[in-house]
Amino acid sequence: MTRVSTAARDGGYTFAYLDEQTKRMVRRAILKAVAIPGYQVPFASREMPLPFGWGTGGIQVTASIIGRDDTLKVIDQGADDTVNAVSIRAFFARTAGVPTTTRTQDATIIQTRHRIPETPLRAGQILVYQVPIPEPLRWLEPREAETRRMHALQEYGVMHVRLYEDIARYGHIATSYDYPVRVNGRYLMRPSPIPKFDNPKMDRSPALQLFGAGREKRIYAVPPHTGVRSLDFDDHPFEVQKWDQACALCGSTASFLDEIVTDNQGGRMFVCSDTDHCETRVRAGHVESAAGGRDPGGP
Amino acid sequence: MACDDRPLLSARGLTRYYGRILGCRDVNFDIWPGEVLGIVGESGSGKTTVLKCISARLEPSAGTVTYDTRTEGPVDIHRISEPARRLLMRTDWGFVHQDPRDGLRMAVSAGANIGERLMAVGARHYGQIRETATNWLGKVEMDTGRMDDLPCTFSGGMQQRLQIARNLVTAPRIVFMDEPTGGLDVSVQARLLDLLRGLVSDLGLAAVVVTHDLAVTRLLSHRLLVMRHGTVVETGLTDQVLDDPQHPYTQLLVSSVLHP
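In the order they appear, the protein sequences are chains A and B.
First residue of the first sequence: 1159, per our numbering; consecutive thereafter.
First residue of the second sequence: 31, per our numbering; consecutive thereafter.
Structural data, given as structure tokens:
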């Protein structure tokens, strides 16, 4: 656990930046979202001190639920040390004075962009997603009034048209991230741009999952132990990505791997995208496996 | 519950105003199972308004449209719940637009266009959806090798065929057609009409065809409704109306046709 700042407040800001009325409004939206799993609840998204698209939705959700005894972890593409993660962590360390951590099991709130941690979440933890586009039907139906009606009437056949199109073109469902899911057998939901590798982790997760879209002004949620099913066809069932090698650092064969180009000669290595998971394994004595390591030739 | 001794669809006192402007007024007719009804008239005579009202795309200002559903018997389509109405539109009805771009999903392949209705009513087996789509491409006389091509790579006639296949895939009982041959050249028109005539008689479909082209109605429709200024001025069997027009406007319409 690393305590970045011990300052309870920073010059005139309320706890966690947002004023109490705003937090109340966001909390109301969150409560409604939890009550109707997968339903997109509109909320009056505020200007935040960073641009839309950088996680303003997630930050507003986090700011509204965080308390003084919470411990915050922020990840971006699975990593704790990228710009977005570092900045948002510093923001809350400064405006809320809460302890922050990079360890998944120590955190009570985890704000994330693009990944769900490999370490299984437990009851009591809250996962906050930053969502760029909340509407799963957006690229299929441009009219907002019509997409709402489609949600109301559960007219989701058109989403299968998209998957059909994938199979017709590529021979398999080529959608690899932001893979559409059905929450609690009712609402079609966009799980934010997480890889479909993470979709099974959402299903019946003991942690509360909150989704905030700042620019699009929507909040939605998956309460703990709620069924989340990825769409598929009977003869083309949902599958997650697989790699034919292990992580070059920790030798894990069960985690989501990033491909990193290491030189101009086509050298590349595959490493865990979840840095905390990888470091924990390395500390525990796992080392790179024979199958991992550098792979100078070809893909 | 649906049976042959009552009309499939009937309109009573159908009236639609667009603000102060009249769309159509007091239109009454019945369509029986397997019957093709033509609606003709000049531009602005209210043909399309009537078609939209009876296909639940537009709410009439007054009057009723009753449809004889398979399970519940006759219902007023503007009074039933929206999910029920939408289900009817996806399964029991077809709508062929004049411009295929209005009726097709231009960004997805021909196969997906045909399969969309199937997936909308719950088909979840890719192989079966594809097989049905292939069958239908064959039935509308299209090359099944174009299955995975986008509709925008098709000619106008092919797009119109695709639109027809897409509508018929769920075996509807009535198809609404708005100028189905508009914008096509005469030889393509003739082939499309041939195809439509074959499909309508093979499948026992009822159809409502709106057109300003009397040749099209002569070929396709059994009965004719002539509209002018939002009202029906003459009805009757197609041949009867076209060969022995009674109303002055119908006489004008029939005599305006060019004979090469």
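Glycine included, every Cβ here is placed at the ideal spot set by N, Cα and C.
Residue pairing of Ala1379(A) in beta bridges, as defined by DSSP: Leu1368(A). DSSP places Ser1245(A) inside the alpha helix (DSSP H), whose first and last residues are Val1241 to Thr1253. Sixteen is the threshold: when 16 or more other Cβ atoms of the shown chains lie within 10 Å of the Cβ of Gly1213(A), as they do, the residue is buried.
In the same chain as Gln219(B), and ignoring 5 residues on each side of it, the C-beta atoms closer than 6 Å to its own belong to Thr211, in chain order. Taking a beta-carbon distance threshold of 9 Å, Ala1303(A) does not count as an interface residue toward chain B.
Of the residues assessed, Gly53(B) falls on the buried side of the cut-off, its CB having 16 or more other CB atoms within 10 angstroms. Of all residues in the region 134–155 of chain B, only Arg135, Ala137, Val138, Ser139, Gly141, Ala142, Asn143, Gly145, Glu146, Arg147, Leu148, Met149, Ala150, Val151, Gly152, Ala153, Arg154 and His155 come within less than 9 Å of chain A when Cβ atoms are compared, listed by chain position.
Here Gly1315(A) is buried: its Cβ has 16 or more other Cβ atoms, across all protein chains shown, within 10 Å. Using a 10 angstroms sphere on the CB of Leu1321(A), the tally of other CB atoms reaches 16 or more, which defines it as buried. Look at Met188(B): its C-beta is not under 9 Å from any C-beta on chain A.
Per DSSP, the beta bridge partners of Met1427(A) are Ile1418(A). For Leu39(B), the uninterrupted beta strand (DSSP E) run begins and ends at Leu39 to Tyr48, by DSSP.
Scanning its chain for C-beta atoms nearer than 6 Å, with the 5 sequence neighbours on each side dropped, one finds around Val262(B) the residues Val57 and Leu255, in chain order.
Setting aside the 5 residues that flank it on each side, Gly1343(A) is surrounded in the same chain by Gly1385 and Arg1387, each with a C-beta closer than 8 Å to its C-beta; the list follows chain order. Taking a beta-carbon distance threshold of 9 Å, Ile1418(A) does not count as an interface residue toward chain B.
Here Gln1288(A) is not near Ala1265(A), since their CB atoms are 9 Å or more apart. Distances from the CA of Pro1381(A) to each of Ala1221(A), Leu1285(A), Ile1224(A) and Ile1223(A) were compared; the closest alpha carbon is that of Leu1285(A). Between Pro130(B) and chain A, the shortest Cβ-Cβ separation is not below 9 Å.
In the structure shown, the three-state DSSP call for His1394(A) is strand. Taking 9 Å as the cut-off, the beta carbon of Ala1379(A) is found no closer than this to the beta carbon of Val1184(A). Following the DSSP letters along the chain, one finds Pro130(B) inside the alpha helix (DSSP H) bounded by residues Pro130 to Gly133. Following the DSSP letters along the chain, one finds Met257(B) in no alpha helix (DSSP H) but inside the beta strand (DSSP E) bounded by residues Arg253 to Arg258. Taking 9 Å as the CB threshold, Arg160(B) lines the interface with chain A. With fewer than 16 other beta carbons inside 10 angstroms of its own, Gly1329(A) counts as exposed. Rounded to whole angstroms, the gap between the alpha carbons of Arg196(B) and Met172(B) is 13 Å.
Ranking Ala150(B), Ala114(B), Gln270(B) and Gly74(B) by CA distance to the CA of Ala86(B) puts Ala114(B) first. Here DSSP, grouped into helix, strand and coil, assigns Thr1438(A) to helix.
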